[in-house]
Amino acid sequence: MIFLIFSSAYNLLNFINSVFYLSFFYLIIVLFMYTAKGGFFDGVTFGFRRFNTLMFKKNDYLESWRDKPLPSEKFNASLYQRLKFQSISLLVLLVILLVLYYTM
Numbered sequence: 001m002i003f004l005i006f007s008s009a010y011n012l013l014n015f016i017n018s019v020f021y022l023s024f025f026y027l028i029i030v031l032f033m034y035t036a037k038g039g040f041f042d043g044v045t046f047g048f049r050r051f052n053t054l055m056f057k058k059n060d061y062l063e064s065w066r067d068k069p070l071p072s073e074k075f076n077a078s079l080y081q082r083l084k085f086q087s088i089s090l091l092v093l094l095v096i097l098l099v100l101y102y103t104m
């Protein structure tokens, strides 16, 4: 769809470029989700919540910052699996198109 809307000429090279940009976007999102799933941002998030509570002296008697879920606990695994599958499919399509382009 992006190719049909934004392309100036309809040829294989422009289609390869469109697939590359789309697969790059998917890959960045999947890698960010993989990092969040692994718990990389949990410590930073917990630290900022605690710092915010201590510095601004909020009257939070229940200390809700301890009970709030961390980014890795709110992770949607089914969305991650779907995006990972789509990203891998786009990369395979890109490799196939590049092989076709350079063998012609």
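The UniProt record's numbering applies: residue 1 is where the sequence shown begins, and numbers increase by one.
Quick reminder that beta carbons are idealized off the backbone N, C-alpha and C, glycines included.
query	result
Beta-carbon spacing of T53, P71 below 8 Å	no
Closest by C-alpha distance to V95, when choosing among G39, F24, Y80	F24
Own chain residues within Cβ distance below 6 Å of L27, not counting five before or after	S87
C-alpha gap between V30 and I16, whole angstroms	21 Å
Separation of Y101 from L4, as counted between CA atoms	19 Å
Reduced DSSP secondary structure (H/G/I, E/B, other) of S87	helix
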